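Visitor:
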Amino acid sequence: MDTMNETIKQAPLLEARNLTKVYEDGVKALDNLDLQVLPGEIYAMLGGNGAGKTTTINIFLDFIQPTSGQAFINGINANEEPLEAKTNIAFVSENVQLYPNFTAIQNVDFFVRLGGRHNYSRSDYETALNRVGLQSQAFDKKLKDFSKGMRQKCGIAIAILKDSPAILLDEPTSGLDPKAGKEFIRLIGELRDEGKGILMSTHDIFRAKEIANHVGILNNGILVAQKTQAELKGVNLETLYVEYMAGYMDEAEPSLVNNLSEA
Amino acid sequence: MFKLIFIKELKEIIQSSRFTISFAVCSVLIIVSFFMGAQNYLASQAQYEATIQENKNQMAANSEWMMVQHTIMLPPQPLMALVNGISNDIGRNIEMSGRGELRPENTRFNDEPIFAIFRFMDLEFIFGVVLSLFAIIFAYDAINGEKVNGTLKLCFSNSVSRASFIGGKLAGSFIGLTVALLIPLLIGCAMLPLLGIHLNSDQWLRLGLILASGLAYFGLFLALAIGISAMTDRPSNSFLIGLVVWIFAVLIMPRASVLISGRMVEVPNVDQITAEKSRYRIQLFDEDRPKMADFSAPEGTEPQAVMQEFSKFMRELGDERNRKMEAFEERINEEYLNKRREQAKIALNLSRISPASVFTLASSQIAGTSLELQNRFMDSAKDYQKIYADFMNEKTGHTGSSGFRMIISTSDDDEEEEKTIDVNELPQFQYETASFTSSAANSILDLGLLMLFNLVFFGGAFAAFLKYDLR
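Taken in order, these protein sequences are the chains called W and Z.
Residues in the first sequence are numbered from 1 upward in steps of one, following the numbering used here.
Residues in the second sequence are numbered from 264 upward in steps of one, following the numbering used here.
(1) Measure the alpha-carbon distance for E275/Z versus K602/Z and round it to whole angstroms.
(2) Scan the segment 409-437 of chain Z for residues whose Cβ lies nearer than 8 Å to a Cβ of chain W and list them as they occur along the chain.
(3) Out of K416/Z, I523/Z, E593/Z, point me to the one whose CA is closest to R362/Z's CA.
(4) Tell me which residue opens and which closes the alpha helix (DSSP H) that F481/Z is part of.
(5) Where are the beta strand (DSSP E) runs, 3 residues long or more, that stay fully inside the segment 153-233 of chain W, in chain order?
(6) Could you give the residue range of the alpha helix (DSSP H) that holds N58/W?
(7) Hey, is the segment 644-659 of chain Z in contact with the segment 683-703 of chain Z, meaning 3+ C-beta pairs nearer than 8 Å?
(8) Any contact between the segment 483-491 of chain Z and the segment 724-732 of chain Z? By contact I mean 3 or more CB pairs, one from each, below 8 Å.
(9) Starting from the C-beta of D2/W, find all residues in its chain whose C-beta is less than 7 Å away, skip the five residues before and the five after it, and write them out in chain order.
(10) Based on DSSP bridge pairs, tell me the residues matched to K142/W.
(11) What is the C-beta distance between Y125/W and D109/W, in whole angstroms, given that I count them as a contact (C-beta under 8 Å)?
(12) So, with DSSP's three-state summary, where would you put G348/Z?
(13) Could you spell out the range, first to last residue, of the alpha helix (DSSP H) harbouring R281/Z?
(14) Here's a check: name, in chain order, each residue in its chain whose Cβ is nearer than 7 Å to the Cβ of G189/W, leaving out the five neighbours to either side.
(15) Report, in whole angstroms, the separation of the C-beta atoms of I89/W and I73/W, which I expect to be a contact under 8 Å.
(16) Does the beta-carbon distance from T87/W to S420/Z come in below 9 Å?
(17) How would you label T564/Z, buried or exposed, when you count the other beta carbons within 10 angstroms and need 16 or more for buried?
(18) Within 10 Å of its beta-carbon, does I158/W have 16 or more other beta-carbons around it, so buried, or fewer, so exposed?
(19) Please compile the residues from chain Z whose C-beta is within a distance smaller than 7 Å of the C-beta of L83/W.
(20) Against chain Z, does K141/W count as a neighbour if the rule is that its beta carbon must be under 9 Å from one of theirs?
(21) Can you name the residues of chain W whose CB is closer than 7 Å to the CB of K271/Z?
(22) Would you grab the beta carbon distance between L634/Z and A610/Z for me? Rounded to a whole angstrom, and I think it's under 8 Å.
(23) Using a Cβ cut-off of 9 Å, pull out every chain Z residue sitting near T67/W, in sequence order please.
(24) Are the segment 137-144 of chain W and the segment 109-118 of chain W touching by the rule of at least three beta carbon pairs closer than 8 Å?
(25) Exposed or buried, which one is S698/Z when buried takes at least 16 other CB atoms within 10 Å?
(26) For L267/Z, return the contacting residues in chain W, with the cut-off set at a CB-CB distance below 8 Å.
(27) Using the beta-carbon count (16 or more within 10 Å), is K179/W buried or exposed?
(28) Looking at C-alpha atoms only, which residue of A475/Z, E317/Z, S326/Z is the closest neighbour of A630/Z?
(29) In this structure, what does DSSP give as the bridge partners for F91/W?
(30) Examine chain Z for any beta-carbon lying closer than 9 Å to the beta-carbon of D62/W, and answer yes or no.
(31) Please find out if some non-hydrogen atom of the ligand GDP comes closer than 8 Å to the beta-carbon of A538/Z.
(32) Leaving out the 5 sequence neighbours to the left and right, which residues in its chain are closer than 6 Å to G155/W when beta-carbon positions are compared?
(33) Tell me, please, which residues DSSP counts as bridged to K28/W.
(34) Name the chain W residues that come within less than 8 Å of S279/Z, Cβ to Cβ?
(35) Span of the alpha helix (DSSP H) holding N612/Z?
(36) Pull up the CB-CB distance for P367/Z and G354/Z, whole angstroms please, since I reckon it's below 8 Å.
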């Protein structure tokens with residue numbers, strides 16, 4: 001996949017250019033973040049709490065304005081033309097919470113229509129829900145009776161049906177059991193293979209290494225390391241991550257990163 | 264997008280257990296209030312007819328018109344039972360006299376003091392207290408609840424404008440809930456003819472306007488709750504704020520306005536006024552006492568002629584006293600009424616800060632049970648007093664005033680049995696209710712304020728959401 005991207009020059013689906021966010025209380029949540037997600041790529045943002053992962057996602061979704069820099073979705077400035085930009089993106093949050101009094105089908109129908117897709121039938125919804133592994137008996141059950149894993153499946157089904165080129169995932173496997181987590185990662189892989197550009201924030205370094213084409217490590221709003229899948233093959237990502245998070249290494253010594261012991 | 268969110272909101276409302284419970288409770292309360300109102304009206308009507316008949320019977324037993332004690336009564340109206348206003352607090356009966364002050368007596372709460380404590384559960388109470396509280400309970404987490412649940416973030420990850428979202432939410436909540444409330448309200452209206460209450464077109468119009476203003480009042484509390492929800496991050500906070508605002512708007516402000524106006528304008532109480540009148544009456548009598556003592560008939564006048572002369576003398580003195588007393592009462596009453604009007608005006612204007620007061624004033628004005636009811640009843644009674652005085656004057660040579668009377672009658676065993684009077688000759692008291700146009704015109708300020716409150720609260724909720732932190 002990487003080779004393909006290198007050979008065919010493609011415009012990034014998600015791009016952050018010198019993205020900086022300083023909150024009103026003076027906290028610098030992002031500091032000159034630069035990243036790109038090309039079609040058919042998964043970019044995993046790793047980082048501890050307060051590292052700036054969710055801030056990045058919130059800027060892409062126009063929930064907050066950057067202090068400086070720009071965020072683009074499919075070439076459209078996410079903060080200047082947010083409505084236009086959002087037609088090109090689907091979002092799956094850490095804890096997908098849909099309307100509890102609606103059934104799975106009703107929820108999917110509402111959010112897919114909200115995403116601008118009005119041409120689906122019930123069978124399309126059922127196909128998507130089947131694809132994400134939701135039991136057919138649950139289609140017409142109210143969401144209030146669903147487990148977190150089932151809700152996440154609905155969330156990804158909505159993203160699939162919205163069929164947008166870019167997808168934002170905010171810690172999507174957090175709190176899922178190993179089986180559900182594995183299933184979720186498989187689905188994301190399928191979407192990547194369909195050409196979607198996926199930006200995923202996560203704490204899960206093993207999943208990130210398994211699925212991501214690029215891994216970026218954020219610490220205090222600074223992208224302290226950025227590795228391709230090929231580069232990660234020679235690196236113990238866990239050690240790298242933990243040491244960055246613990247502050248043993250600073251951004252002035254990036255060369256050390258490459259010399260860390262292998263997994 | 265607006266339509267999609269509007270329909271989602273409707274579906275979400277209908278499918279929620281909160282709606283099921285509150286709809287069931289509201290429906291029962293609304294239907295019960297119609298039923299109780301109808302029963303109260305029928306009971307009041309029966310009592311009214313019985314009292315009128317009883318008075319007629321009493322009068323019919325008299326042989327002299329001078330002996331008649333005629334009582335007029337405020338006729339009950341169906342809308343009085345549905346929106347009580349002050350109808351239960353004012354005296355319904357007036358003992359008629361050809362001249363002098365008329366005193367309304369026998370309030371509904373005299374008969375049933377228990378209701379003075381707990382009051383009736385009329386439509387004004389249902390809308391004013393119950394439904395406004397339900398509006399808060401229903402919408403306190405309309406926005407921040409979605410934020411806490413995460414659905415707000417998911418919605419706005421799509422190409423949705425804030426304006427269409429809040430617009431759809433406000434419209435969906437308002438239409439969904441008001442249509443739901445219309446069902447029991449219409450059932451209640453349909454029950455009226457079945458319960459034996461036949462409203463004329465004027466009364467139906469009034470009832471329709473009362474229900475419309477009630478729904479507008481409900482709507483403004485709904486918008487208020489949504490607005491509070493769009494200004495806070497946690498449902499528990501918005502519920503607390505909503506509850507405090509509701510307590511102030513519904514319970515505190517109307518009462519506080521009366522207290523404040525009482526401080527601003529001192530009005531003597533009824534006892535003080537009565538005492539002043541009594542003092543003056545005694546003073547006038549004391550002034551006449553020497554004249555009475557000086558009365559003497561020419562020597563050799565027959566005793567019967569002396570009595571007639573004395574009676575004439577006393578009548579002239581009494582008439583003069585009455586004239587002075589009436590002039591005094593008129594002046595003191597006018598002063599009292601002017602102060603009371605000023606106080607009431609201040610109280611009403613102050614209370615209009617609260618939407619609850621505005622709704623109460625509008626609905627009671629339309630139902631004809633506002634403060635104007637008492638004035639109107641008294642005006643009708645005073646108009647009738649003149650007719651009654653003319654009639655009594657024609658029949659007895661006197662105006663039929665109450666007070667001191669001296670009647671000399673002679674009996675003759677051979678005379679035929681005395682004839683009783685024909686009460687049908689007595690002109691009937693007619694209480695004219697204000698026309699619908701007049702009531703609507705008088706309530707235009709309050710109806711306008713209700714609309715203004717709606718605009719302000721809907722606009723406020725809209726504006727608050729435009730700045731709401733969606734994260």
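Every residue gets a Cβ at the ideal spot worked out from N, C-alpha and C, and that includes glycine.
All values reported here derive from a predicted model rather than from experimental measurement.
Guide: Taking the structure as given:
(1) Answer to the nearest angstrom: the Cα atoms are 54 Å apart.
(2) From the segment 409-437 of chain Z, only N412, G413, T414, K416, L417, C418, F419, S420, N421, S422, V423, S424 have a Cβ closer than 8 Å to chain W.
(3) Closest by C-alpha distance to R362/Z, out of K416/Z, I523/Z, E593/Z, is E593/Z.
(4) From DSSP, the alpha helix (DSSP H) with F481/Z extends over 464-492.
(5) Listed in chain order, they are 166-170, 197-202, 214-219, 222-228.
(6) Boundaries of the alpha helix (DSSP H) harbouring N58/W: 53-60, taken from the DSSP string.
(7) Here the segment 644-659 of chain Z lies against the segment 683-703 of chain Z, with 3 or more beta-carbon pairs under 8 Å apart.
(8) Yes: the two stretches touch, three or more of their Cβ pairs being nearer than 8 Å.
(9) Residue confidence is low: D2/W scores 47 on pLDDT, short of 50, so the model does not pin down where it sits. Its coordinate-derived value is still stated next. Beyond the five residues adjoining it in sequence on each side, D2/W comes within less than 7 Å, by CB distance, of N213, T228, Q229, A230 in the same chain, given in chain order.
(10) Answer is T103/W, bridged to K142/W.
(11) Correct: roughly 6 Å between the Cβ atoms.
(12) Three-state result, G348/Z: coil.
(13) 280-323 is the extent of the alpha helix (DSSP H) around R281/Z.
(14) I211, listed in sequence order.
(15) Right, their Cβ atoms sit about 5 Å apart.
(16) Contact check for T87/W against S420/Z fails: the beta carbons are separated by 9 Å or more.
(17) Classification for T564/Z: exposed.
(18) Buried, by the Cβ-count rule.
(19) Within 7 Å Cβ-Cβ: S422, S424.
(20) Taking 9 Å as the CB threshold, K141/W stays off the interface with chain Z.
(21) Below the 7 Å Cβ cutoff, chain W contributes F110 as neighbours of K271/Z, in chain order.
(22) Not quite, the Cβ-Cβ distance comes to about 10 Å (not below 8 Å), so this is no contact.
(23) Within chain Z, no C-beta atom comes less than 9 Å from the C-beta of T67/W; the nearest is roughly 16 Å away.
(24) Fewer than three Cβ pairs drawn from the segment 137-144 of chain W and the segment 109-118 of chain W lie within less than 8 Å of each other, which leaves the two stretches out of contact.
(25) Counting the other CB atoms within 10 Å of its CB gives S698/Z a total below 16, which places it among the exposed residues.
(26) Those are F110, R113, L114, listed as they occur along chain W.
(27) It counts as exposed.
(28) In this structure, A475/Z is the residue among A475/Z, E317/Z, S326/Z with its C-alpha nearest to the C-alpha of A630/Z.
(29) In the DSSP assignment, the residues bridged to F91/W are L168/W.
(30) True, the Cβ-Cβ gap to chain Z drops below 9 Å.
(31) No copy of the ligand GDP occurs in the structure displayed, which carries no ligand at all.
(32) In chain order, V92, V96 place their CB closer than 6 Å to the CB of G155/W, counting only its own chain and leaving out the 5 sequence neighbours on each side.
(33) Beta-bridge analysis with DSSP links K28/W to V22/W.
(34) The contacting residues are N101.
(35) Where N612/Z is concerned, the enclosing alpha helix (DSSP H) stretches over 566-614.
(36) Indeed they touch by this definition, with Cβ atoms about 3 Å apart.
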